[in-house]
Amino acid sequence: MSTSITGHSVTDDLPGPDGRSPHDGDRAGTGRLGDRLFGGAATGSGLVVVALVTLVGLFLVMQAVPSLLNNNANFLTSTEWVPSGSEPRFGIAALLWATVVTSVIAMVIAVPLGVAVALFITQYAPAWLAKPAATTVDLLAAVPSIVYGFWGLTIAGQFIDPVTGFLQRTLGWIPFFGDAGFSGRSTLFFAGMILAIMILPIITAISREVFAQVPVAHKEGALALGATQWEMIRTAVLPFGKPGVISGAMLGLGRALGETLAVMILLSTLNPTASWSWSVFNGGETFASKIALNAGEFDSPQKTGAYIAAGLVLFILTFLVNAVARIVIERRKAFSE
Amino acid sequence: MAKRIDVKDLDIYYGDFKAVEGVSMTVEPRSVTAFIGPSGCGKSTVLRTLNRMHEVIPGGRVDGKVMLDDQDLYAPSMDPVAVRRTVGMVFQRPNPFPTMSIKDNVAAGLRLNGIKDKKRLDETVEKSLRGANLWSEVKDRLDKPGAGLSGGQQQRLCIARAIAVNPQVLLMDEPCSALDPISTLAIEDLINELKSQYTIVIVTHNMQQAARVSDQTAFFNLKATGQPGRLVEVGSTQKIFSNPEQQATEDYISGRFG
Ligand SMILES: Nc1ncnc2c1ncn2[C@@H]1O[C@H](COP(=O)(O)OP(=O)(O)OP(=O)(O)O)[C@@H](O)[C@H]1O
Ligand SMILES: [Mg+2]
């Protein structure tokens, strides 16, 4: 079995023939010169990477702290963003909202769809279709995000207004679906949809890979009990593939949270004086699109620090999401043979 | 309710390759039939046609008739899923569902049948595990993963899983080939007990095992490599082992083969 590009593969959870995790060292070093040289080089490289990451983090924190100390608003709860001047007031609430909403919309659409496509390719499609379909999905995963953004803006955007209008008419009484006065293609909702299309291939590709690795013995075990194909998928394929699906979803979520260009060219920025709206049909800015949009005017350390602080929150968010996913995967570990 | 199996002029194909040719035989209810023969002669292939698992393999298809009492298993109106609920199967390598606990493994087939009542599930799980001679070993860890058991225990778990749905026939493909002698004996004892309720067909490479557990023995062979396998001789185990009609059978059983 191969390792997946998430760096976390189902095989990571399986003990080797000797019962130990594949991540344990093998104590095979002989103490000869070659072994010591190579071992030293490998350890050294590992330490350098860890040190680099720590230093980058430290540097960012050091830049952010003075700005945060000067901040006259609550950094976590304020929706204002006036990072410069003698009385800077800035907070991440609006950015966090826009980032989370677009990503959640993307995940809600892309994860079930990606799993469904992966199941189709591995379980239902005839052989002549499965191979080209799998290759196509893998190729789509490599399309640069700007292409999706541009496609959304110019083509898909033409068709979104009726959908938006319909949702606003039927669900408008829920604050999340109220009309906020933006055109269909510049809303959080539409940005989330484009993100969904963008992360669909990666989720599909990784799910397909794990589904294809389900041992025939498990599938036949279910079928021999009188499972229909769908029941076989539920008893044998999905439980086996779950860690992989979660890994794929997290990778997709990472892309959605951090996606810059596509979101930037789609979303309308909000008027600073506009009142707060919970609607997904509002405009807004995500962490990444805000930083990118304003990168040209980091003229004072105060201002730069404020943006770096926002970037750090995005980093922590991504980290938390991954940690939660790891915990979910670990909890099932006892059951994965 | 154990049922009689009647196989008539069965040809079995993998795509264009005819793997088995012209098998006809009868298996009586509440008896054990052993399939013996050299590797590659089609024992597993024939076994898998008895619960329509053969067609799960891409290209797998069958010509001929398999009757279960008066039902034609390959009639167009027959649902393969229904056949597999009636004819249970135990595989060569123990294959408990790795993500499920011991209890859920045994209950898996019942759940597929739509049984949700907790009390009924618990009762059937206990009954099946007792039936598979595994209850005393696992009763304190029913919620632990089934894959954490020893190989022999896993195989008995798979037997418990198969008998939990109350099949009429039980097929076993070399169920002891991955097991130590003690576990093998445990499973042979089990087969002797199960025989009072089920019709059992077992594939084995172990002559002593065939002689010990079966009432009837079927010897399969290949005419030549690349040729389809065929049923050389079938008869009461006692006769096959003491006084077979075919020279090939005698040669195989006495080890003068090939
Ligand atoms: N999935 C498959 N696809 C194509 N041919 C197959 C497949 N499985 C088995 N065969 C062929 O069918 C023939 C019979 O195989 P089968 O597995 O039934 O033999 P067997 O008697 O069970 O052997 P063994 O004792 O080694 O298990 C062999 O020639 C084998 O190569
Ligand atoms: Mg076999």
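Heads up: the protein sequence lines correspond to chains A and B, in order.
First residue of the first sequence: 3, per the numbering used here; consecutive thereafter.
First residue of the second sequence: 11, per the numbering used here; consecutive thereafter.
Quick reminder that beta carbons are idealized off the backbone N, C-alpha and C, glycines included.
DSSP bridge partner residues for M35 of chain B (one or two, in chain order):
B:V17
Cβ of V213 of chain B within 7 Å of any heavy atom in ligand 2?
yes
Do you know whose CA, among B:E184, B:A85, B:R121, lies nearest M99 of chain B's CA?
B:E184
N202 of chain B: buried (16+ other C-beta within 10 angstroms of its C-beta) or exposed?
exposed
Determine, using beta carbons only, whether P19 of chain A comes closer than 8 Å to chain B.
At P19 of chain A, the pLDDT of 48 sits below 50, so the modelled position is not reliable; the number obtained from the coordinates is stated separately. P19 of chain A does not count as touching chain B.
Residues near ligand 1, criterion Cβ-heavy atom distance below 5 Å:
B:Y24, B:A29, B:S49, B:G50, B:C51, B:G52, B:K53, B:S54, B:T55, B:I67
Threshold first: 4 residues or longer. Then list the alpha helix (DSSP H) segments lying entirely within the region 63-104 of chain B, N to C.
90-96
Any heavy atom of ligand 2 inside 7 Å of the beta-carbon of D19 of chain B?
no
Of the residues B:G69, B:Q163, B:Y208, the one placed nearest R103 of chain B, counting alpha carbons only
Nearest of B:G69, B:Q163, B:Y208 to R103 of chain B, Cα basis: B:Q163.
Hey, how far is the Cα of A117 of chain B from the Cα of E136 of chain B?
10 Å
Interfacial residues, the region 199-232 of chain A to chain B, with Cβ spacing under 7 Å:
A219, H220, E222, G223, L225, A226, L227, G228, A229, T230
Simplified DSSP state of K149 of chain B, which is helix, strand or coil
coil
Identify whether I176 of chain A lies in helix, strand or coil by the three-state DSSP scheme.
coil
Measuring alpha carbon to alpha carbon, tell me which residue in A:R333, A:T45, A:T101 is nearest P241 of chain A.
A:R333
If you pair each beta-carbon of the region 230-246 of chain A with each one of the region 48-64 of chain A, do three or more pairs fall below 8 Å?
no
Is any non-hydrogen atom of ligand 3 found closer than 7 Å to the C-beta of D183 of chain B, if you look at the structure I gave you?
Among the ligands present in this structure, namely ligand 1 and ligand 2, ligand 3 is not found.
Counting C-beta neighbours from all protein chains within 10 Å, is the total for F192 of chain A 16 or more, i.e. buried, or is it exposed?
buried
Relative to chain A, which residues along the region 190-213 of chain B have a C-beta separation below 9 Å, given in chain order?
none
In chain order, what residues of the same chain have a beta carbon less than 7 Å from the beta carbon of M234 of chain A, not counting five sequence neighbours either side?
K221, A224, L225
Considering just the uninterrupted stretch of the alpha helix (DSSP H) at A118 of chain A, what are its terminal residues?
95-121
Are at least three pairs of beta-carbons, each pair with one atom in the region 139-152 of chain B and one in the region 221-229 of chain B, less than 8 Å apart?
no
Amino acids of chain C, ordered along the chain, whose beta-carbon sits closer than 8 Å to that of F107 of chain B
Within the model displayed, chain C is absent; protein chains A and B are what it includes.
Tell me, please, whether the CB atom of M217 of chain B is closer than 8 Å to any CB atom in chain A?
no
Which chain A residues sit within Cβ distance under 9 Å of R130 of chain B?
Those do not exist, as R130 of chain B stays about 17 Å from chain A at its closest Cβ, beyond 9 Å.
Let me know if L122 of chain B comes out buried or exposed under the rule of 16 or more other beta-carbons within 10 Å of its beta-carbon.
Within a 10 Å sphere around the beta-carbon of L122 of chain B sit 16 or more other beta-carbons, which makes this residue buried.
Selection from A:L155, A:L39, A:I107 that minimises the alpha carbon distance to S270 of chain A
A:L155
On the DSSP letters alone, give me the boundaries of the alpha helix (DSSP H) that Q226 of chain B sits inside.
Not the alpha helix (DSSP H): Q226 of chain B falls in the beta strand (DSSP E), residues 226-232.
Status (buried if at least 16 other CB within 10 Å, exposed otherwise) for G52 of chain B
Buried, since its Cβ has 16 or more Cβ neighbours within 10 Å.
Which value, in whole angstroms, describes the spacing of the CA atoms of A29 of chain B and P238 of chain B?
5 Å
Leaving out five residues before and five after G25 of chain B in sequence, what residues of the same chain have Cβ atoms less than 6 Å from its Cβ?
The answer, listed in chain order, is G69.
Output yes or no for whether 8 Å exceeds the beta carbon distance between S246 of chain B and R40 of chain B.
no
When Cβ atoms are compared, which residues of the region 63-79 of chain B fall closer than 8 Å to chain A?
M63, V66, P68
C-alpha gap between F168 of chain A and I107 of chain A, whole angstroms
17 Å
In chain order, what residues of the same chain have a beta carbon less than 8 Å from the beta carbon of A132 of chain A, not counting five sequence neighbours either side?
I123, T124
Amino acids of chain A, ordered along the chain, whose beta-carbon sits closer than 7 Å to that of N61 of chain B
Listed along the chain, the chain A residues whose CB falls inside 7 Å of the CB of N61 of chain B are A226.
Between R171 of chain B and chain A, is the shortest Cβ-Cβ distance under 8 Å, so that the two count as touching?
yes
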